[in-house]
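Numbering (the numbering used here), first residue to last: 12 to 265. Just so you know, even glycine gets a beta-carbon here, dropped at the ideal spot from N, CA and C. A short worksheet on the structure shown next.
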């Protein structure tokens, strides 16, 4: 938080997102967005005209698809270049979306929303657990009474199940090398991404994502962040969160 601390966390660095954005939000991710948006609308039991807050919206992948479904969307992100790209996409698609450049740890809104979403593993990157909780409390404060929060992120269980030490692939005109290792007693996942351009230029970045178990994060939402209930699912179509879960989706009610 630029007005509350002097140290800058890695996700506040716009250069990182400019370099890595095309890798993280590739064509496959964009192709999946429409289906995810429809599933989110069903999970939150939304109707055309309802209001939605897209938390850490990035380049607007989900925001735009939600707006195309007739929802009144507001997107919040800390990275202005992503919001600029999201605005261009919204304009190209003919939808009206309000995009706000703000750190979710200090975000506040007079407007209250029918639902909030945080999709595609953009939670758990703060250095302190207390900051993660601040974000969840801010989401709760932005919702109407009875509003729904749909959160997707990697859990400790899915991190264990799908763990790999690394891989390499070609994407967005670059060779991408990844290396992963466990922090502590599966408290975090350390990710190192190396990008090599056709000119041989090499960019490296390492970051840690905190890993919560599904039960732990469910309890934090209900016991510390003001949600009345939280259901853990294994996918956007309502799959059970069991040994076959491919991701963790939590549907929390205020």
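Item                                                                                                                                                        : Value
With a Cβ-Cβ cutoff of 8 Å, do residue 263 and residue 180 count as a contact?                                                                              : no
Please list the terminal residues of the continuous beta strand (DSSP E) segment that includes residue 201.                                                 : 199-207
Using the C-alpha atoms, what's the distance from residue 72 back to residue 46?                                                                            : 11 Å
Which residue wins for smallest C-alpha separation from residue 154, given the options 93, 104, 216, 122?                                                   : 122
State the DSSP-derived secondary structure class of residue 71, mapped to helix, strand or coil.                                                            : coil
Once the 5 residues before and after residue 252 are set aside, which same chain residues still bring their CB inside 7 Å of it?                            : 225, 243, 244, 245, 259
List in chain order: all unbroken beta strand (DSSP E) runs of 3+ residues lying wholly within the stretch 101-157.                                         : 109-112, 124-129
Would you decide whether residue 163 is buried or exposed? Buried here means 16 or more other CB atoms lie within 10 Å of its CB.                           : buried
Suppose you measure from the CA of residue 187 to the CA of residue 216; what does that come to, to the nearest Å?                                          : 12 Å
Would you mind reading off the limits of the beta strand (DSSP E) that contains residue 186?                                                                : 185-194
Only counting the same chain, and skipping five residues up and downstream in sequence, which positions put a Cβ closer than 8 Å to that of residue 44?     : 72, 73, 75, 76
Looking at the structure shown, is residue 177 part of a helix, part of a strand, or coil, going by DSSP?                                                   : strand
Is the number of C-beta pairs between the stretch 199-215 and the stretch 105-125 that are closer than 8 Å three or more?                                   : no
Could you compute how far the alpha carbon of residue 223 sits from the alpha carbon of residue 93?                                                         : 27 Å
Assign residue 105 to buried or exposed, taking buried as 16 or more other Cβ atoms, counted over all protein chains shown, within 10 Å of its Cβ.          : exposed
For the beta strand (DSSP E) that residue 85 lies in, which residues bound it at each end?                                                                  : 83-88
I believe residue 144 touches residue 113 by the beta-carbon criterion, under 8 Å. Please report the beta-carbon distance rounded to the nearest angstrom.  : About 18 Å separates the two Cβ atoms, so there is no contact after all.
Excluding sequence positions up to five away, which residues of its chain have a Cβ less than 6 Å from the Cβ of residue 91?                                : 112
Between which two residues does the alpha helix (DSSP H) carrying residue 168 extend?                                                                       : 167-172
Can you give me the Cβ contacts of residue 192 inside the same chain, cut-off strictly under 6 Å, excluding the 5 residues immediately before and after it? : 201
Distance check for residue 86 and residue 99, CA to CA, integer angstroms please.                                                                           : 13 Å
Determine the closest residue to residue 115 out of 158, 136, 66, 254, with distance taken between C-alpha atoms.                                           : 66
Per DSSP, what kind of secondary structure is residue 240 in: helix, strand or coil?                                                                        : strand
What's the gap between the Cα of residue 237 and the Cα of residue 147?                                                                                     : 9 Å
Rounded to the nearest angstrom, what separates residue 189 and residue 203 at their Cα positions?                                                          : 6 Å
What is the C-beta distance between residue 135 and residue 229, in whole angstroms, given that I count them as a contact (C-beta under 8 Å)?               : That belief does not hold up - the Cβ atoms of residue 135 and residue 229 are roughly 14 Å apart, past 8 Å.
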